[in-house]
Amino acid sequence: MSTTTQAQTNGVFDAWVADGGDAPAGPDWLQAARRDARARIATQGAPTAKAEGWRYTGLRDLMQQDFQRVHEPVSALQPGDIDEALIPGLDAHRVVVVNGRYVPQLSALGTLPTGVRVGGLHAMLQSDPAALEGRLTQIAGAGCHVFATLNTAAMDDGLVLLLERGAVLQRPIELIHLSVGMDEPRVAQPRHLIHLGDGAQAEVIERYLSLGDSLYCTNSLLEIELGRDALLRHRRIQLESPHAFHITGLYLSQGANSQYDGVNIGLGSAWARTDLVTRFRGEHARCDLSGLYLAGDRQLVDYHMDIRHDLPNCASSENFKGIVHGRGRAVFDGLVYVAPGASKTDAAMSNRNLMLSENAEVDTKPQLEIYNDDVKCSHGTTVGQIEPEMLFYLRSRGISAPLARRMLCLGFAGEIIDALGNEALRQHVAEQVGQRLEQAPV
Amino acid sequence: MDQQLPEEPGASRQRNDWGRNMLSVKGLMAEVGGKEILRGLDLEVAPGEIHAIMGPNGSGKSTFAHVLSGREGYTVTGGSVTFDGRDLLELEPEERACVGLFLAFQYPVELPGVNNTYFLKAALNAMRKYRGEPELDAVSFMRLMKDKLKILHLDDSLLKRPVNFGFSGGEKKRNEIFQMALLEPKLAILDETDSGLDIDALRIVADGVNALRSPERSMIVVTHYQRLLDYIQPDHVHVLAKGRIIRSGGKDLALELEDKGYGWIVEEEAAA
Ligand SMILES: Nc1ncnc2c1ncn2[C@@H]1O[C@H](COP(=O)(O)OP(=O)(O)OP(=O)(O)O)[C@@H](O)[C@H]1O
Ligand SMILES: [Mg+2]
């Protein structure tokens, strides 16, 4: 990359990391990591159209926006204002982040079991930075794309969830990201850290929502570390304004015999890019990622996965389904790397897509790089349409064509929606998917 | 059957007002995949009647059933179909269902992920809405389903599964008749509902069908086997060959066919 381009791209991101926020400087190790991130932004620059991992993810619209960093916390919101964002019947410890800031007065933590700490990142950086050392900025590490680097440099507020060895959360933690429109387009860069000690168990329901349908960008980053035998159920629901830009980097580090069970639901925003990155630190760990995405007219939904098996006896699976309509676009790029020493790796990847219009587009790219013969690996992708005989069968029973199509789409998506497990959440997502399909011109 | 029809003068006059027949097919011609399949098919079905259609493989029986129910891919190139005084061919498949037409598929379609109960409720409510009736509440709906399941000796675990998905061949066929019992059509077309049923299931299905017989409900029963007609007594038996009804008769015709096959009629027809 030439010096002039660097200077330009550097300029482009200046506003994303502009000073003036209330973020605490933090301990020396963090300051060093953030200085390092700032330096890397200049050399990384914005990905070009040809850059590996961005080829199908047009950045033009995003880069054309003049996003300004949010510095002021949103203080005007009262608990009643977020009622419409709540899921009926969902019993959870609630943490609310508005425009990248943890807002205690909107949160409802309730009583937490012993061994569980939940708090805001900024607050914890001041009260107990030692609890974050060796984890924060370490799990995502270097080698991330520029948006992750930007997040590290800016580091808005977010959730810190720490479970001591053996701690078990009975109720899920619900993390609500709320974006409230401002006069001019803003970028919020929430940063979360989840650590489960050996044998700890938790469920996190992470939701991205908008109040109103404004234009903004969320560039969030999660670092998750699972100790030996730990179990994390992670449900991620993205349902944002049709004008929103959304970036998530999820970096996962798994200890021996740990289990990560992740379900990703991507329903809304103009443009969404998610990177799911898994590393195993011990054997017999298992990482299951499933997902459902709906890309409507002119929407882009992009899931990138990077699963690296360096050790033997670990298992990973990716099962993603997509429904694309209008001039919607979806990208699925799943890389599973199996190192020469990673014998007995079990890796399965599947991506199935349902296209509801001729102008819909899907770029699906499963990549298995396997350097060991003693493994069980599979992958499959499909891109298809609604089967005419299924549609006819429903219509022959009096069901209108639009409802029949919706029923078949929901049938297709049902497997992933059911994987959410939690009944209140399952119902909420099924309704939302149904509504999105109802609005779709199919 | 005929003596069961209303005999008072008022009722018969009413029948004459909209034509005697529920279904009137005249000179129906249809193509599929550019191939001419139906070549001038005539059939008249009065309310309450049961018509059996038999005929060699590939003669166009399922094609006829599909054209009646409005499946895409079939082009009607001639003739007319009147159902209850309406031009049936003008209607969308779902409208045909709503005005009272039901097809029990020869090959019921599996719908992975579509819950059977949800499907049945959607179908029933779509029809009620069409008729201007309110949707059934959950309790009345479940009660209705339980009643109909009993008639078909079906296990209610089938309701929790996706429609036809992983059902055995016999379960699929019984599920078709179960749907018919629930939706209570005016005219049901049963396309080889007896194929693939064991002897007990055949009995159950036939009993189910007979339980649904009424002076207002007609049926067209497509079958290869005379045995079904021992259980479901038809008023008329037709032979469909090369896209036309080439012979019609009573129940005796089915017995004769069982005995002699189709060859002789096809030859007689060709000679005529
Ligand atoms: N899509 C299609 N393209 C071309 N020919 C078709 C198509 N669908 C059906 N046909 C042909 O139409 C003819 C009639 O088929 P149909 O299924 O109606 O027969 P049938 O009388 O129901 O036979 P069976 O007793 O075996 O069920 C057959 O020759 C069949 O191959
Ligand atoms: Mg047939």
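Just so you know, the sequences run in chain order A and B.
Quick note: the first sequence, position 91, residue 83 per the working numbering, numbers continuous.
Add 16 to a position in the second sequence, counting from 1, and you land on the number used in the working numbering.
Glycine included, each C-beta is placed from N, C-alpha and C at the ideal position.
Between GLY56(B) and MET70(B), the C-beta spacing is not below 9 Å.
Any Cβ of chain B closer than 9 Å to the Cβ of PRO80(A) would place that residue at the interface, and such an atom is absent.
Residues lining ligand 1 by the Cβ criterion, that is a Cβ closer than 5 Å to any of its heavy atoms, are VAL48(B), GLY49(B), LYS51(B), ILE53(B), ASN73(B), GLY74(B), SER75(B), GLY76(B), LYS77(B), SER78(B) and THR79(B) in chain order. Closest by C-alpha distance to GLY112(A), out of LEU292(A), PHE139(A) and GLY150(A), is GLY150(A). Annotation: PHE59(A) is outside any beta strand (DSSP E) and is labelled neither H nor E by DSSP. If you check each beta-carbon in the region 184 to 211 of chain A against every beta-carbon of chain B, none falls closer than 7 Å. Boundaries of the alpha helix (DSSP H) harbouring GLU284(B): 279 to 287, taken from the DSSP string. For the region 274 to 294 of chain A, there are no residues whose beta carbon sits under 9 Å from a beta carbon of chain B. Considering only beta carbons, no part of the region 304 to 315 of chain A lies closer than 9 Å to chain B.
Judged by DSSP in its simplified three-state form, LYS313(A) adopts strand.
Selection ILE165(A), LEU170(A) and HIS371(A) evaluated against VAL328(A) yields HIS371(A) as nearest (Cα-Cα). Spatial neighbours of PRO182(A) in its own chain (CB-CB distance under 6 Å, excluding positions within 5 residues in sequence) are listed in chain order as VAL89, GLY92, ASP148, GLY150 and SER212.
At least one CB of chain B lies nearer than 9 Å to the CB of PHE404(A). Fully contained in the region 70 to 157 of chain B are the following alpha helix (DSSP H) runs of length 4 or more, in chain order: 77 to 85, 109 to 114 and 132 to 146. Relative to the Cα of ALA393(A), the nearest Cα in the group VAL41(B), PHE157(B) and ARG112(B) belongs to ARG112(B).
By the C-beta density criterion, PRO164(A) is buried, having at least 16 other C-beta atoms within 10 angstroms. DSSP places SER342(A) in the uninterrupted beta strand (DSSP E) bounded by 338 to 347. Between the alpha carbons of GLY288(A) and ASN131(B) lies a distance of about 25 Å.
By the rule that beta-carbons nearer than 9 Å mark a contact, LEU244(A) does not touch chain B. Within the DSSP secondary-structure output, PHE237(A) pairs in a beta bridge with CYS209(A) and TRP263(A). Taking 8 Å as the upper bound for CB-CB distance, VAL323(A) and ASP294(A) are in contact here, some 4 Å apart. In this structure, the straight-line span from the alpha carbon of ILE168(A) to that of ALA84(A) is close to 11 Å.
The beta carbon of SER78(B) sits no closer than 9 Å to any beta carbon of chain A.
Taking 8 Å as the cut-off between beta carbons, the residues of the region 83 to 107 of chain B near chain A are SER85, GLY86, ARG87, GLU88 and GLY89, in sequence order.
For ASP28(A), the uninterrupted alpha helix (DSSP H) run begins and ends at 20 to 36, by DSSP.
If the five residues before and after ARG344(A) are omitted, its C-beta is found closer than 6 Å to the C-beta atoms of LYS313 and THR374, all from its own chain and listed in chain order.
Residue contact with chain B for ARG387(A): present (Cβ-Cβ distance below 9 Å to some residue of chain B).
Classified as buried, TYR200(A) has 16 or more neighbouring CB atoms from the shown chains inside 10 Å of its CB.
When the Cα atoms are used, SER171(A) and SER202(A) turn out to be separated by approximately 5 Å. The beta carbon of ASP246(B) sits no closer than 8 Å to any heavy atom of ligand 2. Considering only beta carbons, the part of the region 173 to 205 of chain B lying closer than 9 Å to chain A consists of PRO178, VAL179, ASN180, GLN195 and LEU199, in chain order.
The beta carbons of TYR243(A) and HIS226(A) sit about 13 Å from each other, so the pair does not count as a contact at 8 Å.
When C-beta distances to chain B are compared with 9 Å, the residues of the region 366 to 398 of chain A below that value are GLU379, PRO380, GLU381, MET382, LEU383, PHE384, TYR385, LEU386, ARG387, SER388, ARG389, GLY390, ILE391, SER392, ALA393, LEU395 and ALA396, in chain order.
Exposure of THR106(A) is indicated by the presence of fewer than 16 other C-beta atoms within 10 angstroms of its C-beta. C-alpha of ALA270(B) to C-alpha of GLY89(B): approximately 32 Å in a straight line.
SER335(A) carries a coil assignment under DSSP once its states are collapsed to helix, strand and coil.
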